[in-house]
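In terms of the numbering used here, the sequence shown opens at residue 75 and continues consecutively. Every residue gets a Cβ at the ideal spot worked out from N, C-alpha and C, and that includes glycine.
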Amino acid sequence: METSVSVSSTQDPSSSPLEKHPSSADRNGDLDSEGGSGLEEAGFNWGEYLEETGASAAPHTSFKHVEISIQSNFQPGMKLEVANKKNPDTYWVATVITTCGQLLLLRYCGYGEDRRADFWCDVVIADLHPVGWCTQNNKTLMPPDAIKEKYTDWTEFLIRDLTGSRTAPASLLEGDHADLRSHFFTVGMKLEAVNMSEPSHICPASVTKVRLPPQRSRPL
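What follows is the structure, given as structure tokens:
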């Protein structure tokens, strides 16, 4: 049986005064788990699987047909400000864990080495900003609800965490990313897609709509 899908070039996959008793953490282009509640959730974790089995992931360089498409100017370890997942009017600092083209795997600062709350987001449409954007725009920095009790002074924590770190430059976050939106999908094309109700199943599908995200202009 065939289904219909809508294809987008992007999937609907920051320091003001900190609040001492912040509330929780999505807005925007998040593609995976909920960063603010990952401590309470359990599921398959690719990294843990590799460690437990002693296996190693095949490097993307082994797949020549996609190697160019997943290049990115973002680098692991870069810091940026991103909207909280459960309270999108507030933001928190996150670290880039890995990249895959326009997709970033992020971890909210404060989780340490705990990767259960890591989440993917799409740089084209996600609410991402360079460190310091919240202060400049009078936005609230607030840690995710799942870790809000971990530290009593989050301002001091951020100062320590950001000292000596690399921050994602504004040029990577505030352009229109026109080059990343290019693709060759057209209405009527046939493809195979994951069945959203049964993720372990793949089924034939038809492209019914192709859309692009709105362009983001650079600040004046």
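Have a look at the DSSP bridge pairing and note the partners of residue i.
i, result
"residue 260", "Residue 260 pairs with nothing; no bridge assigned."
"residue 266", "278"
"residue 181", "169"
"residue 164", "214"
"residue 202", "156"
With the cut-off set at 8 Å, would you say residue i and residue j are in Cβ contact?
i, j, result
"residue 150", "residue 170", "yes"
"residue 154", "residue 205", "yes"
"residue 194", "residue 215", "no"
"residue 221", "residue 184", "yes"
"residue 130", "residue 173", "no"
Relative to the alpha-carbon of residue i, which residue among the options has its alpha-carbon at the smallest distance?
i, options, result
"residue 263", "282, 275, 248", "282"
"residue 245", "226, 213, 202", "202"
"residue 265", "279, 219, 232", "279"
"residue 189", "225, 117, 237", "117"
"residue 192", "212, 159, 236", "159"
"residue 225", "148, 277, 122, 186", "186"
Which of the three DSSP states is assigned to residue i in this structure?
i, result
"residue 221", "helix"
"residue 189", "coil"
"residue 271", "coil"
"residue 280", "strand"
"residue 318", "Any property of residue 318 remains undetermined from this structure, which presents the chain solely from 75 to 294."
"residue 195", "strand"
"residue 214", "strand"
"residue 155", "strand"
"residue 240", "coil"
"residue 226", "coil"
"residue 101", "The predicted position of residue 101 is uncertain, since its pLDDT is 46 and thus under 50; a value taken from the coordinates is nonetheless stated next. Note: residue 101 maps to coil in three-state DSSP."
"residue 291", "Here the model assigns residue 291 a pLDDT of 44, short of 50, so the residue's position is not dependable, and the following value carries that caveat. Residue state, collapsed to three classes: coil."
Determine the direct distance from the alpha carbon of residue j to that of residue i, and round the result to whole angstroms.
i, j, result
"residue 176", "residue 248", "13 Å"
"residue 240", "residue 152", "5 Å"
"residue 261", "residue 217", "42 Å"
"residue 162", "residue 181", "16 Å"
"residue 157", "residue 243", "17 Å"
"residue 267", "residue 120", "21 Å"
"residue 230", "residue 223", "14 Å"
"residue 275", "residue 165", "36 Å"
"residue 259", "residue 209", "40 Å"
"residue 207", "residue 219", "21 Å"
"residue 277", "residue 122", "29 Å"
"residue 89", "residue 200", "Residue confidence for residue 89 is low, a pLDDT of 40 falling below 50, so the modelled location carries little weight; the figure read from the coordinates is stated next. Distance between the alpha carbons of residue 89 and residue 200: 18 Å."
"residue 284", "residue 227", "46 Å"
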